[in-house]
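J.:
There are 2 protein chains.
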Amino acid sequence: MVVEVKKAVFDSLSLDNGATLSPVEVAYETYGRLNDTRSNAILVLHAFSGDAHAAGISPETGKPGWWDSMIGPGKAFDTDKYFVICSNVLGGCRGTTGPGSINPVTGKRYAMTFPGITITDMVRLQKMLIDSLGIRKLLSVSGGSMGGMQALQWAVAYPDSIESAIPIATTACHSAQQIAFNEVGRQAILFDPDWNEGNYYDGKPPARGLAVARMVGHITYMSDESMRQKFGRRLRSKDKFGFDFSVDFEVESYLRYRGGEFVNRFDANSYLYITKAMDYFDLANGGQSLAAVFESTRARFLVISFTSDWLYPSYQSVEIVRALRSRNVDVAYCELPSNYGHDAFLVEVGEQTELIRGFLARTFRERAAA
Amino acid sequence: MVVEVKKAVFDSLSLDNGATLSPVEVAYETYGRLNDTRSNAILVLHAFSGDAHAAGISPETGKPGWWDSMIGPGKAFDTDKYFVICSNVLGGCRGTTGPGSINPVTGKRYAMTFPGITITDMVRLQKMLIDSLGIRKLLSVSGGSMGGMQALQWAVAYPDSIESAIPIATTACHSAQQIAFNEVGRQAILFDPDWNEGNYYDGKPPARGLAVARMVGHITYMSDESMRQKFGRRLRSKDKFGFDFSVDFEVESYLRYRGGEFVNRFDANSYLYITKAMDYFDLANGGQSLAAVFESTRARFLVISFTSDWLYPSYQSVEIVRALRSRNVDVAYCELPSNYGHDAFLVEVGEQTELIRGFLARTFRERAAA
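So the protein sequences, as listed, match chains L and D.
Residue 356, in my numbering, is where the first sequence stops; the numbers in between run on with no holes.
Residue 356, in my numbering, is where the second sequence stops; the numbers in between run on with no holes.
This is the structure in structure tokens:
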């Protein structure tokens, strides 16, 4: 099914850092149909490098969406029953206003004059989109990784606007190690001479820095075990001692391919801004306890993590669950067995589908009964 | 105690890839005294970025050696009893012949004309050094990380030349994940325009690429827990939303410092060659079982790993231990509790000292009795 990307434009958006963006565009897609009572809408939130194209086939690229295995008729997010929305995040480079957009004041790209943004800002813009669609209360908000952070932020910032939340493979707050991996990626970009202080839009983008950043990312998305299964120590060349710093091992070839491919679809400045937003994300705002943050949360939760995910380890999900339970929030937690590491939230379709389908059905039923 | 670095020169060294290096220099240091029967010599093997300066104070830098806490009078490697030797590896940049050395044939630096080298080649050169010192049989060979690979290679290549081996936080063979992390570092260097196909010795070195490579390395040397304890989410600046892509978090500052500092003491081409040697290391040579490789091993083993080391996880040590046991080799294995990740082999002095001191004393005693 071909799905067209839509566009919403808002006059202005106030940001956490005090700045105002004006105007702001949001790219989004929808799947399924909003019912008459507008009670079946689900907002799906993408991860760091995702976009609004969550399901169906893009007429532009011919490719399925990033969660196509989970969204559609009869799938986990069943579009025969639910109306699913996915928008590209603020600061992104896939149709929503970001550093690559034109600043109407100057007529030039924002580049590094783009204001610092936060996960809270991203969610504030999503709320404006949902309001503009005439939806008073979402049946659910769900996403993995950075999408899970947004789901958590929705529950805290707009407790009356969601019935439920499904944060997957995520955290309430980046650890030093998570910040460190992002920082290496940023340094690789900042060090690339083609980055040129962010002003590369009329010339060559910092392709080498961005590729290295993406390679680091891909290692953290997989697991030791999944890399062994996928690549092992298989050599590309037969000559054991013939190494020449081109490509010897299959895993090297894979990383270079994924790094190079990323450059064609992602903006380096968006990489900088969005990773910073993730690093600064802290649901408890430093001082407060995480439990206190959930004081006014009324949503029901389904929290999912994966055994081999070492980038967003299960203990970070357990911290969220513990905080929610301490405030008597209705929360189900499942740590699913998987060898796929952090990528599991994209590829482990079977068990996630069972969990999410049941959770949404119950939420929808009880909402109708209320 | 000030320790001078010594130099040995050999006419030629045959390499696994068929090439011959001629001549070859080796930088090494020694601590303690060789006894009359030459039965108290221990070869200590450094990790990837280490050098011959394992203990004492360098007159050049004023700094203690990389394992100074473990080597000295009364320490784990007790220099009141033992004669300890440490040499810089082949391909290195700290006094032993490597890509930064002058090729006598051309009168120019080898740079990328340096032949591909292996862990086996490094050990072959160490054997020449030990022979030249008149030592027929080493009491022990020991090292962590890449040093542990060399210790294993000694046991397999020269079974009659060592009484014992102490491989620490190491593996018999790099996994796909370990290759992947090295590959990202190499790509960061190869992508730096200052690398210039390896010909940078008369100009600017590829400082930015090498720094990024080192940053990735440092993340893998620490653990999630040790990074949390050392940095947490502490900010460098007070202004929460004032991020400007300079330095926000303490962990970023640390990584940039360590990356920048590394450039002053390490050669980028050595980085390329030595990481490749590690990636190609495979004690079982692909086909053979690891156990079969230890068929003629007569040395006694002490194998040590650390609970939080995710770069060289304990299961890799367990594989070595299992293979040794299957060939009735005398092997003690200890997985030590530590939060320090892979760095533990450098900083967890207490328990390592107890283990190594007892192991060496017994080995020395039984050798004397034999």
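Note that CB positions come from ideal geometry on N, CA and C, so glycine has one too.
Please confirm if Gly218 (chain D) has its CB atom under 9 Å from at least one CB of chain L.
T.: Within the second sequence, numbered from 1, the residue matching residue 218 (chain D) stands at position 232. Yes - at least one Cβ of chain L is within 9 Å of the one on Gly218 (chain D).
J.: According to DSSP, is Gln20 (chain L) helix, strand or coil?
T.: The residue given as residue 20 (chain L) occupies position 34 in the first sequence. Checking the sequence, you will find Leu at residue 20 (chain L) rather than Gln. Three-state result, Leu20 (chain L): coil.
J.: Only counting runs of 4 or more residues, tell me where the alpha helix (DSSP H) segments fall wholly within the stretch 36 to 92 of chain L, in order along the chain.
T.: Counting only runs of 4 or more, we get nothing.
J.: I need the straight-line Cα distance from Ala356 (chain L) to Leu(-1) (chain L), nearest angstrom please.
T.: Walking along the first sequence from the start, residue 356 (chain L) turns up at place 370. Walking along the first sequence from the start, residue -1 (chain L) turns up at place 13. Each residue's alpha carbon lies about 34 Å from the other.
J.: Do Ala278 (chain D) and Ala270 (chain D) have their CB atoms nearer than 9 Å?
T.: Here residue 278 (chain D) refers to the residue found at position 292 of the second sequence. Here residue 270 (chain D) refers to the residue found at position 284 of the second sequence. The answer is yes: Cβ separation under 9 Å.
J.: Among L:Asn21, L:Glu(-10) and L:Arg24, which one has its Cα closest to the Cα of Ala13 (chain L)?
T.: Against the first sequence, residue 13 (chain L) aligns to sequence position 27. Ala13 (chain L) has its Cα closest to that of L:Glu(-10), out of L:Asn21, L:Glu(-10) and L:Arg24.
J.: Between Ala27 (chain L) and Leu125 (chain L), which are expected to be in contact by the criterion C-beta below 8 Å, what is the C-beta distance as a whole number of angstroms?
T.: Stepping through the first sequence from its first residue, residue 27 (chain L) is reached at position 41. Stepping through the first sequence from its first residue, residue 125 (chain L) is reached at position 139. Indeed they touch by this definition, with Cβ atoms about 6 Å apart.
J.: Kindly indicate which residue of D:Leu29, D:Val10 and D:Ser8 has the alpha-carbon position closest to the one of Gly18 (chain D).
T.: Here residue 18 (chain D) refers to the residue found at position 32 of the second sequence. Of the listed residues, the one whose Cα sits closest to Gly18 (chain D) is D:Leu29.
J.: Taking C-alpha atoms, which residue in L:Gly120, L:Val109, L:Ser118 and L:Leu297 lies nearest to Val127 (chain L)?
T.: Counting from one through the first sequence, the residue named residue 127 (chain L) turns up at place 141. The shortest Cα separation from Val127 (chain L) among L:Gly120, L:Val109, L:Ser118 and L:Leu297 belongs to L:Val109.
J.: Drop a sphere of 10 angstroms on the beta-carbon of Thr106 (chain D), count the other beta-carbons inside from all chains shown, and report buried for 16 or more, exposed for fewer.
T.: One-based indexing of the second sequence puts residue 106 (chain D) at position 120. The residue is buried, with at least 16 neighbouring Cβ atoms inside 10 Å.
J.: In terms of DSSP beta bridges, what is Tyr14 (chain L) paired with?
T.: Taking the first residue of the first sequence as position 1, residue 14 (chain L) is located at position 28. Partner(s): L:Lys(-8) and L:Ser73.
J.: Considering Tyr319 (chain L), what are the terminal residues of the beta strand (DSSP E) in which it resides?
T.: In the first sequence, the residue the question calls residue 319 (chain L) occupies position 333. Segment Val317 to Leu322, the beta strand (DSSP E) holding Tyr319 (chain L).
J.: What's the gap between the Cα of Lys(-8) (chain D) and the Cα of Ile121 (chain D)?
T.: Looking up residue -8 (chain D) in the second sequence gives position 6. Looking up residue 121 (chain D) in the second sequence gives position 135. Distance between the alpha carbons of Lys(-8) (chain D) and Ile121 (chain D) is about 17 Å.
J.: Looking at chain L, which residues of the stretch 155 to 181 of chain D have a Cβ within less than 8 Å of any of its Cβ atoms?
T.: Within the stretch 155 to 181 of chain D, the qualifying residues are Cys159, His160, Ser161, Ala162, Gln163, Ile165, Ala166, Phe167, Glu169, Val170, Arg172, Gln173, Ala174, Leu176, Phe177, Asp178 and Pro179.
J.: For a test of the three-state rule: what should DSSP assign to Arg110 (chain D), helix, strand or coil?
T.: For the purposes of this step, residue 110 (chain D) is taken as residue 124 along the second sequence, with counting starting at 1. Arg110 (chain D): helix per DSSP, three-state reduction.
J.: Taking only three categories from DSSP, how would you classify Ile342 (chain L)?
T.: Within the first sequence, the letter at position 356 stands for residue 342 (chain L). DSSP places Ile342 (chain L) in helix when its eight states are reduced to three.
J.: How would you label Ser118 (chain L), buried or exposed, when you count the other beta carbons within 10 angstroms and need 16 or more for buried?
T.: Counting from 1 along the first sequence, the entry for residue 118 (chain L) is found at position 132. So Ser118 (chain L) counts as exposed.
J.: Within 10 angstroms of its Cβ, does Val(-5) (chain L) collect 16 or more other Cβ (buried), or is it exposed?
T.: For this step, residue -5 (chain L) is matched to residue 9 along the first sequence. Exposed, because fewer than 16 other Cβ atoms sit within 10 Å of the Cβ of Val(-5) (chain L).
J.: The alpha helix (DSSP H) that contains Leu119 (chain D), what's its start and end?
T.: One-based indexing of the second sequence puts residue 119 (chain D) at position 133. Taken as a continuous stretch (DSSP letters only), Leu119 (chain D) belongs to no alpha helix (DSSP H), as it is neither H nor E.
J.: Using the beta-carbon of each residue, which ones in chain L are nearer than 8 Å to Glu238 (chain D)?
T.: Numbered from its first residue, the second sequence carries residue 238 (chain D) at position 252. Under the 8 Å cutoff, chain L gives Ile165, Ala166 and Glu169.
J.: Got a sec? Which residues, its chain only, sit under 8 Å from Gly218 (chain D) by beta carbon, not counting five neighbours each side?
T.: Numbered from 1 along the second sequence, position 232 holds the residue referred to as residue 218 (chain D). Counting only Cβ-Cβ distances below 8 Å, and skipping sequence neighbours, we find Glu236.
J.: Report yes or no: do three or more beta-carbon pairs, one from the stretch 65 to 80 of chain D and one from the stretch 160 to 171 of chain D, lie closer than 8 Å?
T.: Segments in contact, no.
J.: For chain L, find out if any of its Cβ atoms is closer than 9 Å to the Cβ of Gly344 (chain D); answer yes or no.
T.: Taking the second sequence and counting its residues from 1, one reaches residue 344 (chain D) at position 358. By this cut-off, Gly344 (chain D) is not an interface position.
J.: Check the Cβ-Cβ distances between Tyr266 (chain D) and every residue of chain L, and say whether any is below 9 Å.
T.: Taking the second sequence and counting its residues from 1, the one referred to as residue 266 (chain D) is at position 280. Chain L, which has a Cβ nearer than 9 Å to the Cβ of Tyr266 (chain D), makes this yes.
J.: Using a Cβ-Cβ cut-off of 7 Å (strictly less than) and excluding sequence neighbours within five positions of Tyr266 (chain L), which residues of its own chain qualify?
T.: Within the first sequence, residue 266 (chain L) is the residue found at index 280, counting from 1. Hits under 7 Å: Thr104.
J.: So Ala5 (chain D) and Pro101 (chain D) are supposed to be a Cβ contact under 8 Å. How far apart are they, rounded?
T.: Counted from its first residue, the second sequence places residue 5 (chain D) at position 19. Counted from its first residue, the second sequence places residue 101 (chain D) at position 115. Yes, Ala5 (chain D) and Pro101 (chain D) are in contact; Cβ-Cβ is about 4 Å, under 8 Å.
J.: Is there a Cβ from chain D that is less than 9 Å from the Cβ of Lys226 (chain L)?
T.: Stepping through the first sequence from its first residue, residue 226 (chain L) is reached at position 240. With a pLDDT of 49 at Lys226 (chain L), under the threshold of 50, the predicted position of this residue should be treated as unreliable, and no value is reported.
J.: At the 9 Å Cβ level, is Phe231 (chain L) part of the contact set with chain D, yes or no?
T.: Against the first sequence, residue 231 (chain L) aligns to sequence position 245. Judged by the 9 Å Cβ criterion, Phe231 (chain L) is in contact with chain D.
J.: What does the alpha-carbon distance come out to for the pair Val(-12) (chain D) and Gly58 (chain D)?
T.: Stepping through the second sequence from its first residue, residue -12 (chain D) is reached at position 2. Stepping through the second sequence from its first residue, residue 58 (chain D) is reached at position 72. Rounded to the nearest angstrom, the two C-alpha atoms are 12 Å apart.
J.: Looking only at its chain, what residues have a beta carbon closer than 6 Å to the beta carbon of Ile148 (chain D), apart from the 5 residues adjacent to it on each side?
T.: Within the second sequence, the letter at position 162 stands for residue 148 (chain D). The answer, listed in chain order, is Leu124, Val127, Trp140 and Ala285.
J.: Under 8 Å Cβ to Cβ from Asp329 (chain L), same chain only, skipping five residues before and after it: list those, please.
T.: Along the first sequence, one-based indexing puts residue 329 (chain L) at 343. Excluding positions up to five away in sequence, the list reads Tyr207, Met208 and Ser212.
J.: Does Ser291 (chain L) come within less than 9 Å of chain C when only Cβ atoms are used?
T.: Here chain C cannot be found, since the structure's protein chains are L and D.
J.: Using beta carbons (cut-off 9 Å, strictly below), is Gly195 (chain L) in contact with chain D?
T.: Residue numbering aside, residue 195 (chain L) sits at position 209 when the first sequence is read from its first letter. True, the Cβ-Cβ gap to chain D drops below 9 Å.
J.: Please confirm whether Ala254 (chain D) and Pro191 (chain D) have their CB atoms less than 9 Å apart.
T.: By one-based count along the second sequence, residue 254 (chain D) stands at place 268. By one-based count along the second sequence, residue 191 (chain D) stands at place 205. In this structure, Pro191 (chain D) lies closer than 9 Å to Ala254 (chain D) by Cβ.
J.: Is the CB-CB distance between Phe280 (chain L) and Ala155 (chain L) below 9 Å?
T.: Against the first sequence, residue 280 (chain L) aligns to sequence position 294. Against the first sequence, residue 155 (chain L) aligns to sequence position 169. Result no, Cβ atoms of Phe280 (chain L) and Ala155 (chain L) do not sit closer than 9 Å.
J.: In whole angstroms, give me the CA-to-CA distance for Phe231 (chain D) and Arg200 (chain L).
T.: Reading the second sequence from its first residue, position 245 is the one you call residue 231 (chain D). Reading the first sequence from its first residue, position 214 is the one you call residue 200 (chain L). Cα-Cα distance, rounded: 18 Å.
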